[in-house]
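Novice: In full-length UniProt numbering, the protein residues as written are 1 to 433.
Don't be surprised by glycine CBs; every beta carbon is placed ideally from N, CA and C.
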């Protein structure tokens, strides 16, 4: 036969609702399976819950008082067979038996603050110090966080009697529960003030603007963040302050791109320099250029490295190491879109040489010498109606660039091609006429 519900909860038949709720709370905390691991605790808890489901509901309790168990279970012995009283009960148990109430009175850490800082490319690579302006919550400077005017009385909250918590009834699947929450009068502090602070209005906190110097380590990159511990908002109820997180933004550089810890730089050379080789200065972030030897026959898209002049490597803790990345130099070969006649003739000579096993292109024959137009006769006068049939002088540029006749065996094909490349290289030089 089922036990008497009043006996199960340990209350008299005439107990009021508050006495029944207190008894249920006490019994449930004692026999809850998460707290009581002794054999039979789970069954006992089910009986306690079953009793409260009836006695905690005025309508069911009235039927029970009149008809006994038959009045609430339709003639059966177990009105809650098939019902799992532990389904999702962990969260409800914490809430109704003080879980949320305890956290309301516990120390809480202050808020974290996020701020952005814009760095130059060099500052991100080598590190720097930057001043950052922030707005954060601090203890009131007027009352030192007490919440009352200095020299005035602090009283115990009459609503919660200094506990900082109050209980209120709330219905659930188990009936009505006493829910513990922070006191609405004192906001969980347990105190009231005779004269609240005129600056913070009893909150104990205020918003203040501050400037903090942030040390940015060498090697940071776009999107990284630097954490400054304890520079966030003030904690409450003795909790620690929050942290300041500085988000790093990096300006673009006119000469370099960044790839991890390497710097990328582009160098342009002309076709003659690519064929013959050339020495090019490569800029560095320190300001002292490094000479880069580009070998003969370099193709466009080739990469070369300047070792140890890149970005410092970072350890896992964010501190830089002595190891640095490299400068990776990408070589672009510029093919001219326009040529003057001298450059065109040199390239045509090269094309002929490449197509004919390195042989030189035959030079154009010069016209035979004759009397110049307008030459005088023996008596010093121009003969009348005398027409000079000599061809006009060749164009100065074409004459200047004509290849002189050479002995085919006097110079090798490679030397001839190199000579053409040297002249072509000089013609592309900005200092050439």
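How is the alpha helix (DSSP H) around residue 347 delimited, first residue to last?
Specialist: In the DSSP assignment, residue 347 falls within the unbroken alpha helix (DSSP H) covering 341-355.
Novice: Which value, in whole angstroms, describes the spacing of the CA atoms of residue 441 and residue 162?
Specialist: This structure leaves residue 441 out entirely; the chain is present only between 1 and 433.
Novice: Can you find at least 3 beta carbon pairs, one from the stretch 141-161 and one from the stretch 248-264, that sit closer than 8 Å?
Specialist: no
Novice: What does DSSP give as the partner residues of residue 434 in its beta bridges?
Specialist: As displayed, the chain neither begins before 1 nor continues past 433, which places residue 434 out of reach and without an answer.
Novice: Determine which residues share a DSSP beta bridge with residue 155 and list them.
Specialist: 192
Novice: Which residues does DSSP list as the beta-bridge partners of residue 134?
Specialist: 210
Novice: Hey, which unbroken runs of the alpha helix (DSSP H) at 4 residues or more fall wholly within the stretch 9-77?
Specialist: 17-31, 41-55, 58-67 and 70-73
Novice: Under a Cβ-count criterion, where at least 16 other Cβ atoms within 10 Å of its own Cβ denotes burial, should residue 8 be classed as buried or exposed?
Specialist: buried
Novice: Could you say which of 226, 21 and 155 lies nearest to residue 316 if we only look at CA atoms?
Specialist: 226
Novice: Using the three-state DSSP reduction, which class does residue 422 fall into: helix, strand or coil?
Specialist: helix
Novice: So, with DSSP's three-state summary, where would you put residue 281?
Specialist: strand
Novice: Only counting the same chain, and skipping five residues up and downstream in sequence, which positions put a Cβ closer than 7 Å to that of residue 266?
Specialist: 330 and 332
Novice: Check whether the Cβ atoms of residue 130 and residue 214 lie closer than 7 Å to each other.
Specialist: Taking 7 Å as the cut-off, the Cβ atoms of residue 130 and residue 214 count as close.
Novice: Cα separation between residue 14 and residue 33?
Specialist: 29 Å
Novice: Would you kindly report the start and end of the unbroken alpha helix (DSSP H) that includes residue 271?
Specialist: 271-276
Novice: Work out the CA separation of residue 38 and residue 68 for me, nearest whole Å.
Specialist: 31 Å
Novice: If you follow the alpha helix (DSSP H) that residue 121 is in, where does it begin and where does it stop?
Specialist: The continuous alpha helix (DSSP H) containing residue 121 extends over residues 121-126.
Novice: Mind checking whether residue 239 and residue 108 have CB atoms under 7 Å apart?
Specialist: Yes. Within cutoff.
Novice: Count the other CB atoms, across all protein chains shown, that sit within 10 Å of the CB of residue 27; report buried if there are 16 or more and exposed otherwise.
Specialist: buried
Novice: With a threshold of 8 Å on Cβ separation, who are the neighbours of residue 233 within its own chain once the five nearest residues in sequence on each side are excluded?
Specialist: Within the same chain, 110, 111, 112, 113, 136, 137, 138, 241 and 242 come within 8 Å of residue 233 by CB-CB distance, once the 5 residues on both sides are set aside.
Novice: Among 335, 64, 312 and 164, which one has its Cα closest to the Cα of residue 221?
Specialist: 312
Novice: Taking the straight line between their C-alpha atoms, what separation do you get for residue 11 and residue 190?
Specialist: 32 Å
Novice: Using the Cα positions of residue 118 and residue 128, report the straight-line distance between them to the nearest angstrom.
Specialist: Cα-Cα distance, rounded: 11 Å.
Novice: Could you tell me the alpha carbon to alpha carbon distance between residue 324 and residue 286, rounded to whole angstroms?
Specialist: 13 Å
Novice: Check for me: the beta strand (DSSP E) holding residue 333 runs from which residue to which?
Specialist: 327-334
Novice: Can you tell me whether residue 296 is helix, strand or coil according to DSSP?
Specialist: It is coil, neither helix nor strand.
Novice: Roughly how many whole angstroms lie between the Cα atoms of residue 228 and residue 206?
Specialist: 21 Å
Novice: Give the secondary structure of residue 141 by DSSP, where H, G and I count as helix, E and B as strand, and everything else as coil.
Specialist: coil
Novice: Rounded to the nearest angstrom, how far is the Cβ of residue 261 from that of residue 308, given a contact under 8 Å?
Specialist: Going by Cβ atoms, the distance from residue 261 to residue 308 rounds to 11 Å, so no, they are not a contact pair.
Novice: So who's on the other strand from residue 303, going by DSSP bridges?
Specialist: 330
Novice: The beta strand (DSSP E) with residue 244 in it runs from where to where?
Specialist: 244-250
Novice: Once you ignore the five residues that flank residue 199 on each side, which residues in its own chain have a CB closer than 8 Å to its CB?
Specialist: 140, 141, 142, 143 and 206
Novice: Taking only the alpha-carbon atoms, compute the straight-line gap between residue 122 and residue 151 and give it to the nearest angstrom.
Specialist: Going by the C-alpha atoms only, they are around 55 Å apart.
Novice: With a CB to CB cut of under 6 Å and the five nearest residues on each side skipped, what residues in its chain are close to residue 90?
Specialist: Note that residue 90 has pLDDT 44, beneath the 50 cutoff, so the model's placement of it is unreliable and the number below is only indicative. For residue 90, where only same-chain residues beyond five positions count, there are no Cβ hits under 6 Å.
Novice: I need the boundaries of the beta strand (DSSP E) containing residue 255, first residue and last residue.
Specialist: Here residue 255 belongs to no beta strand (DSSP E), and DSSP marks it neither H nor E.
Novice: Of all the CB atoms in chain B, is at least one closer than 7 Å to the CB of residue 326?
Specialist: Absent from the structure: chain B. Only one protein chain is present.
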